[in-house]
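Student: First to last, the sequence lines map onto chains U and W. Everything in the first sequence is counted per the working numbering, starting at 2 for the first residue and increasing by one. Everything in the second sequence is counted per the working numbering, starting at 4 for the first residue and increasing by one.
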Amino acid sequence: MKTKYVIVLAFLAASIAAGPFASSQDQQSLSPAKRQFVTAAPVSTVAVRSGHPTPVTFTFHIQPGYHINSNKPLMPELIPTQLKFSLPSSDMVIGRVQYPQGQLMSFAFDPNQKLSVYSGDFSVKALVVAPPSASSGSYTVHADLKYQACDNNACYPPKTVPMAFDVKVGSSSKSSSRARPSASSPHIHN
Amino acid sequence: MKRSLLFILVIIVVISGALFMVESFSRGKKGGPSVIASVLKPQDDGPANGTPAPDFTLKTLDGKDVTLSSLKGKAVMVNFWATWCEPCKIEMPWLVELQSKYRKDGFEIIGVAMDDSGQKEISDFARKMKVNYTVVIGSEKVADLYGGLDGLPTNFFLDRNGKVIDSFKGLRSESVIVDDIKKALASETKNASLAR
Numbered sequence: 002m003k004t005k006y007v008i009v010l011a012f013l014a015a016s017i018a019a020g021p022f023a024s025s026q027d028q029q030s031l032s033p034a035k036r037q038f039v040t041a042a043p044v045s046t047v048a049v050r051s052g053h054p055t056p057v058t059f060t061f062h063i064q065p066g067y068h069i070n071s072n073k074p075l076m077p078e079l080i081p082t083q084l085k086f087s088l089p090s091s092d093m094v095i096g097r098v099q100y101p102q103g104q105l106m107s108f109a110f111d112p113n114q115k116l117s118v119y120s121g122d123f124s125v126k127a128l129v130v131a132p133p134s135a136s137s138g139s140y141t142v143h144a145d146l147k148y149q150a151c152d153n154n155a156c157y158p159p160k161t162v163p164m165a166f167d168v169k170v171g172s173s174s175k176s177s178s179r180a181r182p183s184a185s186s187p188h189i190h191n
Numbered sequence: 004m005k006r007s008l009l010f011i012l013v014i015i016v017v018i019s020g021a022l023f024m025v026e027s028f029s030r031g032k033k034g035g036p037s038v039i040a041s042v043l044k045p046q047d048d049g050p051a052n053g054t055p056a057p058d059f060t061l062k063t064l065d066g067k068d069v070t071l072s073s074l075k076g077k078a079v080m081v082n083f084w085a086t087w088c089e090p091c092k093i094e095m096p097w098l099v100e101l102q103s104k105y106r107k108d109g110f111e112i113i114g115v116a117m118d119d120s121g122q123k124e125i126s127d128f129a130r131k132m133k134v135n136y137t138v139v140i141g142s143e144k145v146a147d148l149y150g151g152l153d154g155l156p157t158n159f160f161l162d163r164n165g166k167v168i169d170s171f172k173g174l175r176s177e178s179v180i181v182d183d184i185k186k187a188l189a190s191e192t193k194n195a196s197l198a199r
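#1: Count the other CB atoms within 10 Å of the CB of Gln102(U); is the residue buried (16 or more) or exposed (fewer)?
#2: Ordered along the chain, which non-local residues of its own chain (more than five positions away) have a Cβ less than 7 Å from that of Lys126(U)?
#3: Could you check the C-alpha separation between Val129(U) and Val49(U) for me, to the nearest Å?
#4: List the residues that DSSP assigns as beta-bridge partners of Asp145(U).
#5: Where do the N-terminal and C-terminal ends of the alpha helix (DSSP H) with Tyr105(W) fall, by residue?
#6: Check whether the region 138–150 of chain U and the region 76–90 of chain U touch, using three or more Cβ-Cβ pairs below 8 Å as the test.
#7: Indicate the three-state DSSP secondary structure (helix, strand or coil) for Val2(W) in the structure shown.
#8: Please list, in chain order, all residues of the same chain as Val94(U) whose beta carbon is under 6 Å from its beta carbon, the five residues on each side excluded.
#9: Taking Ala109(U) as the reference, give the member of His62(U), Cys151(U) and Gly52(U) with the closest Cα.
#10: Any beta-carbon of chain U closer than 9 Å to the one on Glu124(W)?
#11: Residues of the region 75–87 of chain W in Cβ contact with chain U at a cutoff of 9 Å, in chain order, please.
#12: Find the nearest neighbour of Thr60(W) within the set Trp84(W), Val145(W), Ala116(W) and Met95(W), judged by alpha-carbon distance.
#13: Just how far apart, CA to CA, sit Gly52(U) and Pro43(U)?
#14: Name the residues in the region 74–86 of chain U whose C-beta lies less than 7 Å from a C-beta of chain W; which are they?
#15: So the alpha helix (DSSP H) Ile180(W) belongs to, where does it begin and stop?
#16: Any Cβ of chain U within less than 9 Å of the Cβ of Asp182(W)?
#17: For Asp122(U), tell me which candidate among Val47(U), Thr46(U), Ser45(U) and Gln64(U) has the shortest Cα-Cα distance.
#18: For Ser126(W), which three-state DSSP category applies?
#19: How far does the beta strand (DSSP E) with Arg50(U) in it reach, from first residue to last?
#20: Using beta carbons (cut-off 9 Å, strictly below), is Gln114(U) in contact with chain W?
#21: For Leu155(W), I'd like the list of residues in its chain whose CB is within less than 7 Å of its CB, leaving aside the five on either flank, ordered along the chain.
#22: Answer yes or no: the CB of Asn70(U) versus the heavy atoms of the ligand MG, is any distance below 8 Å?
#23: Could you spell out where the beta strand (DSSP E) holding Thr137(W) opens and where it closes?
#24: Mark Met106(U) as exposed unless 16 or more other C-beta atoms lie within 10 angstroms of its C-beta, in which case mark it buried.
#25: When the cut-off is 9 Å and only beta carbons count, does Gly159(W) lie next to chain U?
#26: Show which residues of chain U have a CB atom less than 7 Å away from the CB atom of Lys172(W).
What follows is the structure, given as structure tokens:
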């Protein structure tokens, strides 16, 4: 009995210790072209009362050493960062999407040129609105953050971070479910 | 009971320590995560120096076909770029100048636009940048042939026989580009029947 207990625990310890190693190697083995430069923080379930706009904040983290264009880059050919929503029902609206102002920065490749960029962490705010006629229930909203990253001397093809969050309409209870990896299409959970 | 708990604790510490050392060793030996990445992705390296540049036929901005191998006998710079790439914009005026300067010696730049945007946007941008070299519309297939193009700009320098003599990703000093152009121009054409 004791021996089994020891083996199980040892195996558990090995798995815990090996976990971060394996994942860090997996991540590092990806070329920049295939790697995500931005990750989305999980979003807690948004409880919405019909007819009352409810604020929601989406937080993103940009990998150190990289920057992405802000939502309003200073040059028309640069690709703006944009959060696009796929709404599960006509009973719901996302409004007033507010992007942070970009930091005006210049980079080694052109010290004289200022660019409007995000680096580090940034948040996008929006309002979730369910009209008074909205049906009560739980909905999953899917969203895609589109961005284009650069480092100090190269730029990488545009990428998309898929994300999803739950919206509970007509209920005051606040669950703590987390955002899930994106599915292929919006779903309604009634 | 106490002895068995101590035994379990020792096993956990030993295994965790061993795995931590393996990880640290791998990182240290290869010089950090980025180098581990480069070691693990040989498929992304593109054509190596001394090997023939993968051939392609792509459309110019006015719809004509350009085949890379048809430029044998000339020194060629294949410049992968995009309108959304700020570092690419920095080197474009240099390339315009270098194309003018070395054209008479048999030097050609092929700018391969990797944009998803339309031909008009690329044409307008090239016109704005006063590009005087051939610009073609790139494709995923060509990107794959050239190692997946991790980032832009990515430049390949080909000698007069169509072999790669140097390549690099990201913006480099103009002098580095000039050195590579001179090296490519200095190469001899092996097949005398190839036109210069």
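Backbone N, C-alpha and C fix where the C-beta goes; we use that ideal spot for every residue, glycine too. From a predicted model like this one, the values you see are computed outputs, not experimental measurements.
Tutor: Inspection of the coordinates gives the following:
#1: An exposed status is given to Gln102(U), since fewer than 16 other beta-carbon atoms sit within 10 Å of its beta-carbon.
#2: The residues are Pro56, Thr58 and Gln99.
#3: Whole-angstrom Cα-Cα distance: 7 Å.
#4: According to DSSP, Asp145(U) bridges with Lys85(U) and Pro163(U).
#5: For Tyr105(W), the enclosing alpha helix (DSSP H) covers residues Glu89 to Tyr105.
#6: Flag = yes, the region 138–150 of chain U and the region 76–90 of chain U touch.
#7: The question about residue 2(W) has no answer, for chain W in this structure spans 4 to 199.
#8: Val130.
#9: Ranking His62(U), Cys151(U) and Gly52(U) by Cα distance to Ala109(U) puts Cys151(U) first.
#10: Chain U, which has a Cβ nearer than 9 Å to the Cβ of Glu124(W), makes this yes.
#11: If the cut-off is 9 Å between Cβ atoms, the region 75–87 of chain W has Ala85, Thr86 and Trp87 near chain U.
#12: Shortest Cα-Cα distance from Thr60(W) to any of Trp84(W), Val145(W), Ala116(W) and Met95(W) involves Val145(W).
#13: Take the alpha-carbon of Gly52(U) and the one of Pro43(U): they are about 25 Å apart.
#14: Of all residues in the region 74–86 of chain U, Glu78, Leu79 and Ile80 have a Cβ within less than 7 Å of some Cβ in chain W.
#15: Here the alpha helix (DSSP H) through Ile180(W) covers Glu177 to Ala189.
#16: By this cut-off, Asp182(W) is not an interface position.
#17: Closest by alpha carbon: Gln64(U).
#18: If DSSP states are grouped into helix, strand and coil, Ser126(W) belongs with the helices.
#19: No beta strand (DSSP E) contains Arg50(U), which DSSP labels as neither H nor E.
#20: With 9 Å as the cut-off, Gln114(U) counts as an interface residue toward chain W.
#21: Cβ within range, chain order: Phe83, Trp84, Ala85, Cys88, Cys91 and Met117.
#22: Although the ligand MG was asked about, the structure shown includes no ligands whatsoever.
#23: Going by DSSP, Thr137(W) is part of the beta strand (DSSP E) stretching over Thr137 to Ile140.
#24: Here Met106(U) is exposed, its C-beta having fewer than 16 other C-beta atoms within 10 Å.
#25: Reading the sequence as shown, one finds Phe at residue 159(W) and not Gly. False, the Cβ-Cβ gap to chain U never drops below 9 Å.
#26: Neighbours of Lys172(W) on chain U, chain order: Ala155.
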